[in-house]
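Numbering (the working numbering), first residue to last: 132 to 190.
Virtual Cβ for every residue (Gly too), placed ideally from N, Cα, C.
Predicted, not measured: the structure shown is a model, and the values here were computed from it.
Have a look at the structure below before the remarks.
See below:
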């Protein structure tokens, strides 16, 4: 039970981070291009965009 609560908390925090630093908006706006990339390239694009908007993950 605790493990599932931690997963939900982690997902909630991850979503909030992506929403705050415009990662979700980027995925919505750029889906046509991003879904054709490798997962590594897509994650790097999102990470760089979030950093540009003040995010600190991956720094």
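(1) Nearest-angstrom Cα distance between residue 135 and residue 175?
(2) For residue 166, which residues in the same chain have their Cβ closer than 8 angstroms to its Cβ, ignoring the five residues on either side in sequence?
(3) Please work out which residues of its chain come closer than 6 angstroms, Cβ to Cβ, to residue 186, disregarding the five sequence neighbours upstream and downstream, and give them in chain order.
Let's see:
(1) Taking the straight line joining both Cα atoms gives about 27 angstroms.
(2) Apart from sequence neighbours up to five positions away, the residues of its chain that approach residue 166 with a beta-carbon distance below 8 angstroms are 173, ordered along the chain.
(3) Spatial neighbours of residue 186 in its own chain (CB-CB distance under 6 angstroms, excluding positions within 5 residues in sequence) are listed in chain order as 152.
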